[in-house]
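Residue numbers for the sequence shown, in mature numbering (1 follows the signal peptide of the UniProt record, and there is no 0): -35 to -1, 1 to 154.
For each residue, glycine too, the CB sits at the ideal point set by N, CA and C.
Below: one structure, written as structure tokens.
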Amino acid sequence: MKHVKKVSKRARVITGTSLAAAIALGGFGAYSASAADSAQSAAPAVAAANVKGNTTTTTTHLTIDAASKAAQAALDAAEKEGQRVSVAVVDRNGNTILTLRGDGAGPQSYEAAEKKAFTAVSWNAPTSELVKRLENAPTLKDIPGTLFLGGGAPVTAKNAPIAGIGVAGAPSGDLDEKFAQAGVAALNG
């Protein structure tokens, strides 16, 4: 004979309620999934549009190899003269491509090199020339990300700026700029 355990009315109500809730939630989930599928199939597909006419431009950028060559040439020129510098190369948009911090370069030189490179490419002029412009437009120095000290040189292609090289850490901006120009020259050679 089997032994059947009697379950209290309370336990039967709780079990029944739980089962009903589970079935209801399952049905709700199925309904929600069905509604989501219907909404997705009803939504129109967004087609990629090809623009026509003169709505785009093409720009020239340095390759990473060219940027590396220029930065290393600038660093080598500084090391030949016993200077401890950092070198930065930025693209046409002022974004840093790479930065080299020479052995023994000061902690401030890293950021200063980037800012000098950014300044040179932004105005397509050596930063030593831009320092002179501050006499007539002193608020230029307030533009974020710029540094109006010698040491930045623009890189151009077809007379348009495509990059900037910045050097910082030598005792004078003239030396920094001389090393930056060595980087530019390496790209022309």
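- Scanning its chain for C-beta atoms nearer than 8 Å, with the 5 sequence neighbours on each side dropped, one finds around Glu79 the residues Ala53, Val55, Thr61, Thr64, Gly131, in chain order.
- By the neighbour-count criterion, in which 16 or more other beta carbons inside 10 Å mark a residue as buried, Pro119 falls on the buried side.
- By the beta-carbon neighbour count (other beta carbons within 10 angstroms, threshold 16), Gln48 is buried.
- Going by C-alpha positions, Thr22 is about 14 Å away from Ile127.
- Between Gly18 and Gly59, the C-beta spacing is not below 8 Å.
- In the structure shown, Arg57 adopts coil according to DSSP, grouped into three states.
- Excluding residues up to 5 positions away in sequence, Thr24, His26, Val86, Pro126, Ile127, Ala128 lie with their Cβ nearer than 7 Å to the Cβ of Arg57 in the same chain.
- Membership of Ile29 in the alpha helix (DSSP H) is indicated by the continuous run 29 to 45.
- For Val120, the enclosing beta strand (DSSP E) begins and ends at 117 to 122.
- Straight through space, the alpha carbons of Thr20 and Val96 are spaced by roughly 36 Å.
- The beta carbon of Leu99 sits closer than 8 Å to those of Leu105, Lys106, Phe113, all from its chain and outside the five residues before and after it, given in chain order.
- The alpha-carbon of Glu94 is positioned some 10 Å away from that of Gly116.
- The beta carbon of Ala70 lies closer than 7 Å to those of Arg49, Val50, Ser51, Gly134 in the same chain, with the five residues before and after it left out.
- Sorting Leu40, Thr84, Pro72 by C-alpha distance to the C-alpha of Ala145 places Leu40 at the top.
- Just so you know, the alpha carbons of Ala77 and Asn15 end up roughly 42 Å apart.
- The three-state secondary structure of Ala128, taken from DSSP, is strand.
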